[in-house]
Structures are given as C-alpha cells and as structure tokens.
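K.L.:
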Amino acid sequence: MGKNTKIAIITSAVIVLLIILIAAIPEIVKSIDENRAVAIVNGEKITKKEFTINYKSQIDYYGLDKAFLSQKVDGKTYEEQIKENILEGLIIRQIELQQAKKRNITLTGQERKAIEERINQYKNDSENGLSFKQYLQTIGATEEEYKDQVIKSQIVSKLYDEVTKSQTASDSEIEDYYNSHKSDYEQVKASHILFKVSDPKEEAAKKKKAEEVLQMIKSGQSFEKLAQKYSEDDATKQKGGDLGYFKKGEMVKEFEDAAFSLGIGEISPVIKTTYGFHIIKVTDRKQLTLNDVRDEIKSKLESDKKEKYYQSLLEKWQKEAKIKKFENVLKSISI
Numbered sequence: 022m023g024k025n026t027k028i029a030i031i032t033s034a035v036i037v038l039l040i041i042l043i044a045a046i047p048e049i050v051k052s053i054d055e056n057r058a059v060a061i062v063n064g065e066k067i068t069k070k071e072f073t074i075n076y077k078s079q080i081d082y083y084g085l086d087k088a089f090l091s092q093k094v095d096g097k098t099y100e101e102q103i104k105e106n107i108l109e110g111l112i113i114r115q116i117e118l119q120q121a122k123k124r125n126i127t128l129t130g131q132e133r134k135a136i137e138e139r140i141n142q143y144k145n146d147s148e149n150g151l152s153f154k155q156y157l158q159t160i161g162a163t164e165e166e167y168k169d170q171v172i173k174s175q176i177v178s179k180l181y182d183e184v185t186k187s188q189t190a191s192d193s194e195i196e197d198y199y200n201s202h203k204s205d206y207e208q209v210k211a212s213h214i215l216f217k218v219s220d221p222k223e224e225a226a227k228k229k230k231a232e233e234v235l236q237m238i239k240s241g242q243s244f245e246k247l248a249q250k251y252s253e254d255d256a257t258k259q260k261g262g263d264l265g266y267f268k269k270g271e272m273v274k275e276f277e278d279a280a281f282s283l284g285i286g287e288i289s290p291v292i293k294t295t296y297g298f299h300i301i302k303v304t305d306r307k308q309l310t311l312n313d314v315r316d317e318i319k320s321k322l323e324s325d326k327k328e329k330y331y332q333s334l335l336e337k338w339q340k341e342a343k344i345k346k347f348e349n350v351l352k353s354i355s356i
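Taken in order, the sequence shown gives residues 22 to 356; the numbers are from our numbering.
As structure tokens, then:
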C-alpha cells in the first residue's frame, strides 16, 4: 500500500469520526446540561433532569399553561413559586433517601418486580398504553427514569413506616379521646326527599316544589310515600328515602348540621346543599360505644402521632443537612 493511499484512508477515517462527533454534539451538550445540579444535598446532586421530570409532571397534572404560570402573586410568578416548592420537596426526598440508606432500607426483589409489573400493565393496556407513552413524552422521562421516581417514593414510604413504628396509642389515650369527642361518635338514622338542581335556572322551581311537598308532610301525608313519589335520589327513593345511619363528617355540612339538630321523628325545613334541596326526617339516633369505634380512634391517634413525630425528624434532618441551591440552573428550566 502506497504512502498516499494510507494518508487518504486515514483522512477518510478522521472525516467520518468528525462527522459522527458533530452529529453527536447536540446529544452530548444536552446530556451535560441535564446532569447539572439544581441542588446538592450532603454532597449528593439533584440533577436538572430529575427536577424537570417532577416539574413537568406537576404542570401536566394540574393542566397549567404559560399564561397562568406567568401571573404574579406577592411579587413572584406562579412558575417561580411552583419551582421553589418542587425543589424543596426534592431536597427533602433526597434527605429521606439518605436516611433510608443509613438504615439499609431498600426495596426487595419482589417489591421491584411489582413496580415493573405495574408499569408493564400500563404499557400493554390497549386504552392506557398510548396515554402512558404520551405522559412520558410530556414530562420528558424515559421508562427507566419514571420507574426510578416510583422506586424512590416507595423507599421513602418504607422509611416512614420504619422510623414511626414505635408511635402507638395506649388504651388510656384511646379512652380519653373517646370521652372528649363523644359527639363525633353519635349516629343518626335519616331519610330524605331530594330535589336535584343541575342548572341554576331551575333552582327557583325546585325550591318551590320542595316547599309544596313539605306542606304535604306537615298536613299528615306519609313522608315515605312522598319520597317514593317525588324524590330524585334514585338510590333511596324506593326505600322511602332511607339513608341508614351516619355520623358527623360523612355527609355534606348543610345536610349534616340539619340532621343532627333534629330529634327522632322531626322533619327539617327545606335544606339547600350542592346537590339541590332536601327535606330530612330523622328516624333514630344512637351513641356508638368505645368498643364500636376503638379501632377507628386507635388508627387516627397513631396516624397523627406518626405524622407529628416524622415531621420533627424531618426538621432535625434538614437542620443538620448541608444544602446548596443553584438558582441559575433553576431559572433555565421551562415548559
């Protein structure tokens, strides 16, 4: 092989390599940019890419657009406020993941497999498969990056369970809570006649009809028969409007306030709620015993104690953490 031939071959190879390199430059630049830190927590980086995935996910979830994001409240745009909140959340999650690592809290093979199976169900579902793919495109995430976010969330959940497992409620705490909240565990049994209002234009007519039926009840006609004839609650009308027993917090406020103010056998005036107009009749009242609600109270007290204790740990971990934020990187992110 002659010298000129060798030079020509080498030159061609260099040109090919240069062409490949030039073609790859945008991807290299993009990768370098995405790997920039929006924050460093105890020496560990939260990348621009991870922040962007979470940011776009929230924007997509709430259906926000640039016009909304550009609006200002208290001197800051919604975009700036949302970014700050997301960054704060990611910093907290990074601290939580570090605490989980200290305690050797990881996902089991079975837990990871369950995540993969769930993702595969999304992908292979004829209805949801396309929307899942579109969602990944919208938030700028690969399937692996999406899975990574799910894994991190589940590890944090396991951390919470581990560090709060000692926060239990004693029998005396449960009893004290019941005795000071007895009214919350009173039940009424009520029936109602509903006149639905789906259009504000029909409100006056529906209220008038409700008042007419109320007068029929006051004149001695059967509440149950009038419910069967006039109520627009398909689930209860054939039962004379019977809703069964319920306690506070299980009905809309206006309905609940009216029902709990009535004695057995009493009829309410016409009550307006978001559903329309109601006439209510209370048919029974009873007090739930401590044994009836022990498990419910135990669950509530322990949930409250766990949350309070965990928040105190988070505050401690945050104070101890070394955190550095990069506002210039944050500002470069947009939808």
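Cβ atoms here follow ideal geometry from the backbone N, Cα and C, with glycine treated the same way.
Note that this is a predicted model, so its numbers are computed, not measured.
#1: What does DSSP give as the partner residues of residue 82 in its beta bridges?
#2: List in chain order: all unbroken alpha helix (DSSP H) runs of 4+ residues lying wholly within the stretch 245-305.
#3: Within 10 angstroms of its Cβ, does residue 387 collect 16 or more other Cβ (buried), or is it exposed?
#4: Where does residue 344 fall in DSSP's three states?
#5: Using the rule of at least 16 other Cβ atoms within 10 Å of the residue's Cβ for burial, across every protein chain shown, is residue 138 buried or exposed?
#6: Which complete alpha helix (DSSP H) runs does the stretch 54-115 hold, if anything under 4 residues is left out?
#7: Can you tell me where the alpha helix (DSSP H) with residue 227 in it begins and where it stops?
#8: What residue from 65, 150, 70 has the CA that sits closest to residue 55's CA?
#9: Can you grab the Cα-Cα spacing for the pair residue 211 / residue 278, in whole Å?
#10: DSSP three-state label for residue 351, please.
#11: Give a yes or no on whether the minimum CB-CB distance between residue 251 and chain B is below 7 Å.
#12: Pull the bridge partners of residue 214 from the DSSP assignment, please.
#13: Buried or exposed, going by whether 16 or more other CB atoms sit within 10 Å of the CB of residue 111?
#14: In its own chain, which residues sit with a C-beta less than 6 Å from the C-beta of residue 356, not counting the 5 before and 5 after it?
#15: With distances taken between CB atoms, is the gap from residue 302 to residue 288 smaller than 7 Å?
#16: Please confirm whether residue 276 and residue 294 have their CB atoms less than 7 Å apart.
#17: DSSP state of residue 122, grouped into three classes?
#18: For residue 329, name the three-state secondary structure that DSSP assigns.
#19: With three or more beta-carbon pairs closer than 8 Å as the criterion, would you say the stretch 143-157 touches the stretch 92-108?
#20: My output table needs one value for residue 165: the three-state DSSP class, helix, strand or coil.
#21: Apart from the five residues on each side of it in sequence, which residues of its chain come closer than 7 Å, Cβ to Cβ, to residue 230?
#22: Can at least three beta-carbon pairs, one atom from the stretch 198-213 and one from the stretch 264-273, be found at a separation below 8 Å?
#23: Beta-carbon within less than 6 Å of residue 78's beta-carbon, same chain only, minus the 5 sequence neighbours each way: which residues are those?
#24: How would you call residue 252, buried or exposed, if buried means at least 16 neighbouring beta carbons within 10 angstroms?
#25: Return yes when the Cβ of residue 59 is within less than 7 Å of the Cβ of residue 350, no when it is not.
#26: Given residue 262, which residues of its chain have a CB within under 6 Å of its CB, disregarding the five upstream and five downstream residues?
#27: Any idea if residue 202 is buried or exposed, counting beta-carbon neighbours within 10 angstroms, 16 or more meaning buried?
#28: Where does residue 173 sit, in a helix, a strand or coil, going by DSSP?
#29: For residue 329, which of 186, 89, 74 has the nearest alpha-carbon?
#30: Sorted by chain position, which residues of the same chain lie with C-beta nearer than 8 Å to residue 223's C-beta, five sequence neighbours on each side aside?
#31: Is the beta carbon of residue 190 closer than 7 Å to that of residue 283?
#32: Go to residue 190, then tell me how far its alpha helix (DSSP H) extends in each direction, as first and last residue.
P.N.:
Well, looking at it:
#1: Walking along the sequence shown from the start, residue 82 turns up at place 61. In DSSP, residue 82 forms no bridge with anything.
#2: The alpha helix (DSSP H) runs lying completely inside the stretch 245-305 and spanning 4 residues or more are 274-281, given in chain order.
#3: The chain is shown only over 22 to 356; residue 387 falls outside these bounds and no answer can be derived.
#4: Here residue 344 is taken as the residue at index 323 of the sequence shown, counted from 1. Looking at residue 344 - three-state DSSP - the assignment turns out to be strand.
#5: Here residue 138 corresponds to residue number 117 of the sequence shown, with the count starting at 1. So residue 138 ends up on the exposed side.
#6: For the stretch 54-115, the full-length alpha helix (DSSP H) segments reaching 4 residues or more read 69-83, 87-90 along the chain.
#7: Within the sequence shown, residue 227 is the residue found at index 206, counting from 1. Note, residue 227: alpha helix (DSSP H), 224-239.
#8: Taking the sequence shown and counting its residues from 1, one reaches residue 55 at position 34. When only C-alpha atoms are compared, the closest one is 70.
#9: Your numbering for residue 211 matches position 190 in the sequence shown. Your numbering for residue 278 matches position 257 in the sequence shown. Their Cα atoms are separated by approximately 12 Å.
#10: Taking the first residue of the sequence shown as position 1, residue 351 is located at position 330. Reduced to three states, the DSSP call for residue 351 is helix.
#11: Of the chains in the structure shown, none is chain B; there is only one protein chain.
#12: Numbered from 1 along the sequence shown, position 193 holds the residue referred to as residue 214. For residue 214, DSSP records a beta bridge to 300.
#13: For the purposes of this step, residue 111 is taken as residue 90 along the sequence shown, with counting starting at 1. Its Cβ being crowded by 16 or more others within 10 Å, residue 111 is buried.
#14: Your numbering for residue 356 matches position 335 in the sequence shown. Residues 80 of the same chain have their beta carbon placed closer than 6 Å to that of residue 356, with the five preceding and five following residues left out of the count.
#15: Along the sequence shown, one-based indexing puts residue 302 at 281. Along the sequence shown, one-based indexing puts residue 288 at 267. When the beta-carbon positions are compared, residue 302 and residue 288 come within less than 7 Å of each other.
#16: Locating residue 276 in the sequence shown gives position 255, where the first residue counts as 1. Locating residue 294 in the sequence shown gives position 273, where the first residue counts as 1. Result yes, Cβ atoms of residue 276 and residue 294 sit closer than 7 Å.
#17: For the purposes of this step, residue 122 is taken as residue 101 along the sequence shown, with counting starting at 1. Residue state, collapsed to three classes: helix.
#18: Here residue 329 refers to the residue found at position 308 when the sequence shown is read from its first residue. Helix.
#19: Fewer than three beta-carbon pairs drawn from the stretch 143-157 and the stretch 92-108 are found closer than 8 Å, and the two stretches are therefore not classed as touching.
#20: By 1-based counting over the sequence shown, the position of residue 165 is 144. Residue 165 falls in the helix class under three-state DSSP.
#21: One-based indexing of the sequence shown puts residue 230 at position 209. Cβ within range, chain order: 216.
#22: By the C-beta criterion, the stretch 198-213 is judged to be in contact with the stretch 264-273, since at least 3 inter-stretch pairs fall below 8 Å.
#23: Looking up residue 78 in the sequence shown gives position 57. Here residue 78 has 160 as same chain residues with Cβ atoms under 6 Å from its own Cβ, once five neighbours each way along the sequence are excluded.
#24: Taking the sequence shown and counting its residues from 1, the one referred to as residue 252 is at position 231. Classified as buried, residue 252 has 16 or more neighbouring CB atoms from the shown chains inside 10 Å of its CB.
#25: Working through the sequence shown from its first residue, we reach residue 350 at position 329. Working through the sequence shown from its first residue, we reach residue 59 at position 38. Note that the C-beta distance between residue 350 and residue 59 is below 7 Å.
#26: The sequence position of residue 262 within the sequence shown is 241, counting from 1. 212, 213, 214, 248, 252.
#27: Here residue 202 refers to the residue found at position 181 when the sequence shown is read from its first residue. That one is exposed.
#28: Here residue 173 is taken as the residue at index 152 of the sequence shown, counted from 1. Look at residue 173 here: in three-state DSSP terms it is helix.
#29: Translated into positions along the sequence shown, residue 329 becomes position 308. Of 186, 89, 74, the residue nearest in Cα terms is 186.
#30: On the sequence shown, position 202 is the one that residue 223 refers to. Once the five neighbours on either side are set aside, residue 223 has no close Cβ partner at all.
#31: Reading the sequence shown from its first residue, position 262 is the one you call residue 283. Reading the sequence shown from its first residue, position 169 is the one you call residue 190. Contact: no.
#32: For this step, residue 190 is matched to residue 169 along the sequence shown. It is not in any alpha helix (DSSP H) - residue 190 carries neither H nor E in the DSSP assignment.
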